[in-house]
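Residue numbers (numbering that gives the first Met the number 0): 0 to 485.
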Amino acid sequence: MSEARPALDRIAVAGDGQVGVLAALALKRALPACEITVVGLAPDPAAFADHAATALPFTNKLHDRLGIREDWIVARAGGSHRLVTRCFGWGEEGQHGPIAYGASADPLQSMAFGREWGGGSRTVTAREQPGSLAETLAGAGRFRTPPPDVETPLAEVDYALRWVPSAYRALLIELAQQLGVRHVQARSIGVETDGAIGAKALAIEGGSRIEADLFLDCSGPAAHLLRALPTCREREWSDTLPTRRVLVARPGGPMLALEDRISLLADGWLTELAGRDGLHTVLGVGERVSEAAAMQALASPLQYAVELAPARVAEPWIGNVIAIGDASARFEPLGWLNLDLAHRQLALLLELLPGKVIEPLERAEYNRRSGMMMDTARDTLALFYAAPRARRVFASVTPQHVSLTIDQFTRRGRLPFREESPLFAEEQMALLRAVGFERGTPPQFSAGDPRQIDAARQAFSARAQAALDYAPPYQQWLASVTGATG
């Protein structure tokens, strides 16, 4: 029988934002006997994953896996729920469309019912009918999380969580401390290499050192650890992702809504995220947009601005150093993919967690799959920039796979398969419709039976009414679980 290889004894995590703290917490749960030290560094405004107030539904599953209860986030971290993201103006001015979550494919959406009743691209003057239960609930302002292990009319409704970043990070720190994760604050760090391709220790000002078997770089786009290694290389994304400046507004007044918005303006894109701590507004512009024009488009007091040079590292795992999130890929906070990428990479690391002696095949497999995660995040963003009106606002090169995706969607009503995508195929189709692309009809649905279409319409109406009857007003339900009044 083969013997179990020695487990990791010590892990050092560079960066104590929400990405680094969650990574330390996850590794401590996986390796309770391992000594894990988080090295805190000065916050980087360009670390979009660390500052994110939301992610995608994948994060809910990661939270469950790590024992982070959703009711804690709602009660202690200002949590709220997003059912729908609505895109405005990407196909043409006045056009808009919703993106709901989940992989519950409804083939009848490919028929006339799906195109006429709802779920597609619309104009402001078009007669609107919700195309999903999530959109129905969001429009009515009604929702509650369904109880576990109980079948309810909301069972097929997936959602994303929002939170107050500072409160969410504080919750993660408390949980990590309970598990025994150590913390060291540093103004700067140096990396002592091991004489090969990895790291031996982190050098902290004052002469202290932190040795480890494995190092996680969660230090943001500066990637202090990975960039210190001589074999670290980058792959430019500037031709595909044209945003060069990101402006973050000061939060507005508190807002409870089940919908967030992504709008295309004359000078760039604008995201609006509803939060219990305020409305979070972010603007992204190209290099030719003036400061005055950008401020006019933001239309809110500026909190800070960040210059952006999109890129990803060629190999996020080099030697015994692994870059997570912003340390591995720099891209704009459009579509809330930054933290989603970090969480997917962390889940992959837990799946391929090495021993004290790292096997080259583990490293190669992580780099392969994490590389696909980064590339599919980039290509998801490229779908926005390939939208009809976006091509007039931004100048970018559409990647070959993105062009193929759009071609297959508009001609044949389907998508080519791709590993490690941040979106299910149904979510990606909703995104394409929301930014102005018309879905083609798959051959098997080209001749819809009117009776079948009418039956589908009636079935959807019944499901929608059942969901509305079951779900209370969202503000009322949230107040009941948080103890809020007024």
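Where a beta carbon is used, it is the ideal one built from N, C-alpha and C, also for glycine.
Under three-state DSSP, which class holds arginine 81? DSSP places arginine 81 in strand when its eight states are reduced to three.
Would valine 501 be called buried (16 or more neighbouring beta carbons within 10 Å of its own) or exposed? Residue coverage of the chain in this structure runs from 0 to 485, which leaves residue 501 outside it and unanswerable.
For alanine 22, I'd like the list of residues in its chain whose CB is within less than 7 Å of its CB, leaving aside the five on either flank, ordered along the chain. Cβ contact annotation for alanine 22 (same chain, cutoff 7 Å, sequence separation greater than five): Val12, Leu215, Cys217, Ile323, Leu345, in chain order.
Could you check whether leucine 174 and leucine 549 sit closer than 9 Å to each other, using their CB atoms as the reference points? Summary: the structure shown does not reach residue 549, with the chain confined to residues 0 through 485, and so no result is reported for it.
Compare the C-alpha of alanine 429 against each of Glu419, Gly412, Arg417 and name the closest. Taking only the C-alpha atoms, the option nearest alanine 429 is Gly412.
DSSP-derived helix/strand/coil call for aspartate 8: Correct three-state label for aspartate 8: coil.
As assigned by DSSP and simplified to three states, the class of threonine 375: It is helical.
Taking contact to mean at least 3 C-beta pairs separated by less than 8 Å, is the segment 195–211 in contact with the segment 318–334? Yes: at least three Cβ pairs fall under 8 Å.
Assuming aspartate 378 and histidine 342 form a contact by the criterion Cβ under 8 Å, report the distance between their Cβ atoms to the nearest whole angstrom. Not really, about 19 Å apart at Cβ, beyond 8 Å.
Pull up the distance between the alpha-carbon of glycine 267 and that of glycine 283, whole angstroms please. Roughly 6 Å between the two C-alpha positions.
Here's the rule: buried if 16 or more other CB atoms are within 10 angstroms of the residue's CB, otherwise exposed. What is glycine 117? Low confidence applies to glycine 117: its pLDDT is 49, below 50, so where it sits in the model is not reliable enough to give any reading.
Collapsed DSSP secondary structure at valine 396 in the structure displayed: Look at valine 396 here: in three-state DSSP terms it is coil, with no helix or strand label.
Hey, how far is the Cα of arginine 161 from the Cα of glutamate 364? Those two C-alpha atoms are separated by around 32 Å.
Assuming arginine 368 and glutamate 419 form a contact by the criterion Cβ under 8 Å, report the distance between their Cβ atoms to the nearest whole angstrom. Here arginine 368 really is in contact with glutamate 419; their C-beta atoms are around 6 Å apart, less than 8 Å.
Output the distance between the C-alpha atoms of alanine 376 and valine 83, rounded to the nearest integer angstrom. In a straight line, the C-alpha of alanine 376 is about 19 Å away from that of valine 83.
At which residues does the beta strand (DSSP E) containing proline 97 begin and terminate? Taken as a continuous stretch (DSSP letters only), the beta strand (DSSP E) holding proline 97 covers 94–99.
Give me the Cβ distance between alanine 166 and glycine 101, rounded to the nearest whole Å; I'm assuming they're in contact under 8 Å. Distance from alanine 166 to glycine 101 at the Cβ level is roughly 27 Å; contact not present, criterion being Cβ atoms closer than 8 Å.
Does the beta-carbon of proline 300 have 16 or more other beta-carbons within 10 angstroms, so that it is buried, or is it exposed? Of the residues assessed, proline 300 falls on the exposed side of the cut-off, its CB having fewer than 16 other CB atoms within 10 angstroms.
Measure the C-alpha to C-alpha separation of arginine 168 and arginine 68 and round it to an integer number of angstroms. Between the C-alpha atoms of arginine 168 and arginine 68 there is a straight-line separation of about 14 Å.
Okay, do the segment 59–75 and the segment 238–250 touch, 3+ Cβ pairs below 8 Å being the bar? Judged by Cβ distances under 8 Å, the segment 59–75 makes no contact with the segment 238–250, as fewer than three pairs qualify.
Per DSSP, which one or two residues make a beta bridge with arginine 234? According to the DSSP secondary-structure assignment, arginine 234 is paired through a beta bridge with Arg311.
Quick check: what's the CA-CA separation for cysteine 33 versus isoleucine 98? Their Cα atoms are separated by approximately 42 Å.
Given 8 Å as the limit, tell me if methionine 428 has its C-beta closer than that to any heavy atom belonging to the ligand MG. Judged by which ligands are present, the structure shown has none, so any question about the ligand MG falls away.
Nearest neighbour of arginine 362, chosen from Leu348, Asp374, Leu170 [CA to CA]: Nearest C-alpha to arginine 362: Leu348.
Which same chain residues end up closer than 7 Å to alanine 221 when comparing Cβ atoms and leaving out the 5 residues on each side of it in sequence? Excluding its 5 nearest sequence neighbours in each direction, alanine 221 has C-beta neighbours in its own chain below 7 Å: Asp43, listed in chain order.
Cβ-based burial, glutamine 457 [other Cβ within 10 Å; buried from 16]: Glutamine 457 should be labelled exposed.
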